[in-house]
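Asker: The numbering used here puts the first residue of the sequence shown at 1293, with every later residue one more than the last.
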Amino acid sequence: MTESRFVYVTFIRTTPDKLWSALTTPEFMRKYWFNVGFDTDWKVGSPWKMAFPDGRVTDQGEILEFDPPKRLVFKWQNEFMPELKAEGWSQCVMDIEPVGDVVKLTVTHTIERENSKLIVAVSGGWPKILSNLKSLLETGEVVLKDKP
């Protein structure tokens, strides 16, 4: 079977520990995820979910790897768009690597499906979310207030 993949790499002026905290602290995540809430206990095998402020679940899955402050892997399924949910489970990997006095963050989102609509959707979403994350860590402010 053919895979669809989206990879995004950014370099952030921060430390691996601060980036890890930003990726795993729900209150902080809400700031760069356009007010979407994240709920999990951050243990391998545990469920996770994201929800809009009105409680509708956007995405959900399972924590597959949790290796602070290096690697985070999620089993992932979209819940609010039927055509994306129908594609089934995907995987999102976040790798953190120190590079001099900055940190390289690589987000790789894959699904075992050719021409995936989910991957097309996340390829538009991840750059906005990660731009907000980078800006928030470096300046204290997000660059995008509302998800366009």
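Here a beta-carbon is modelled for each residue, glycine too, at the ideal position from N, C-alpha and C. Because the structure is a prediction, the values reported are computed rather than measured.
1. For tryptophan 1381, does the three-state DSSP call read helix, strand or coil?
2. Roughly how many angstroms lie between the CA atoms of glycine 1347 and valine 1434, to the nearest whole one?
3. Which first and last residues belong to the alpha helix (DSSP H) in which phenylalanine 1320 is found?
4. When the Cβ atoms of the region 1317-1334 are set against those of the region 1379-1387, are three or more pairs found closer than 8 Å?
5. Relative to the C-alpha of isoleucine 1304, which candidate in Val1391, Gly1416, Gly1353, Asn1407 has its C-alpha closest?
6. Apart from the five residues just before and just after valine 1349, which ones in its own chain have a Cβ nearer than 6 Å to its Cβ?
7. Considering only C-alpha positions, which residue in the set Lys1420, Tyr1300, Trp1381, Leu1410 is nearest to methionine 1373?
8. Just how far apart, CA to CA, sit aspartate 1438 and valine 1328?
9. Return the first residue and the last residue of the alpha helix (DSSP H) that threonine 1431 is part of.
10. Within its chain, find whatever has a CB closer than 7 Å to the CB of proline 1440; leave out the 5 residues flanking it on each side and keep chain order.
11. Based on the DSSP secondary-structure assignment, which residues constitute the bridge partners of glutamate 1357?
12. Enumerate in chain order the residues of its own chain whose CB-to-CB distance from lysine 1377 is below 8 Å, with the five nearest sequence positions on each side excluded.
13. Measuring straight from C-alpha to C-alpha, what distance separates leucine 1429 and tyrosine 1300?
14. If we call anything under 9 Å between Cβ atoms a contact, is serine 1415 one with threonine 1302?
15. Taking methionine 1373 as part of the beta strand (DSSP E), name the residues at either end of that continuous run.
Answerer: On the basis of the supplied data:
1. The count along the sequence shown starts at 1 and reaches residue 1381 at position 89. Looking at tryptophan 1381 - three-state DSSP - the assignment turns out to be coil, as it is neither helix nor strand.
2. Taking the sequence shown and counting its residues from 1, the one referred to as residue 1347 is at position 55. Taking the sequence shown and counting its residues from 1, the one referred to as residue 1434 is at position 142. So the alpha carbons of these two residues sit roughly 23 Å apart.
3. As a working note, residue 1320 is residue 28 in the sequence shown. Here the alpha helix (DSSP H) through phenylalanine 1320 covers 1318-1324.
4. no
5. Counting from 1 along the sequence shown, the entry for residue 1304 is found at position 12. The option with the nearest alpha carbon to isoleucine 1304 is Val1391.
6. Numbered from 1 along the sequence shown, position 57 holds the residue referred to as residue 1349. The answer, listed in chain order, is Lys1341, Ala1343, Glu1371.
7. As a working mapping, residue 1373 is identified with position 81 in the sequence shown. The shortest Cα separation from methionine 1373 among Lys1420, Tyr1300, Trp1381, Leu1410 belongs to Leu1410.
8. By 1-based counting over the sequence shown, the position of residue 1438 is 146. By 1-based counting over the sequence shown, the position of residue 1328 is 36. Near 11 Å, if we compare the C-alpha coordinates of valine 1328 and aspartate 1438.
9. Counting from 1 along the sequence shown, the entry for residue 1431 is found at position 139. Segment 1409-1431, the alpha helix (DSSP H) holding threonine 1431.
10. Counting from 1 along the sequence shown, the entry for residue 1440 is found at position 148. No answer about proline 1440 holds up, because its pLDDT of 49 lies below 50 and its placement is not dependable.
11. Counted from its first residue, the sequence shown places residue 1357 at position 65. Bridge partners of glutamate 1357: Val1365.
12. Position 85 of the sequence shown holds residue 1377. Same-chain partners within the cutoff: Gln1369, Asn1370, Glu1371.
13. Here residue 1429 refers to the residue found at position 137 of the sequence shown. Here residue 1300 refers to the residue found at position 8 of the sequence shown. Whole-angstrom Cα-Cα distance: 17 Å.
14. Your numbering for residue 1415 matches position 123 in the sequence shown. Your numbering for residue 1302 matches position 10 in the sequence shown. No.
15. On the sequence shown, residue 1373 is found 81 positions in, with the first residue counted as 1. Segment: none, methionine 1373 is in no beta strand (DSSP E) and carries neither H nor E.
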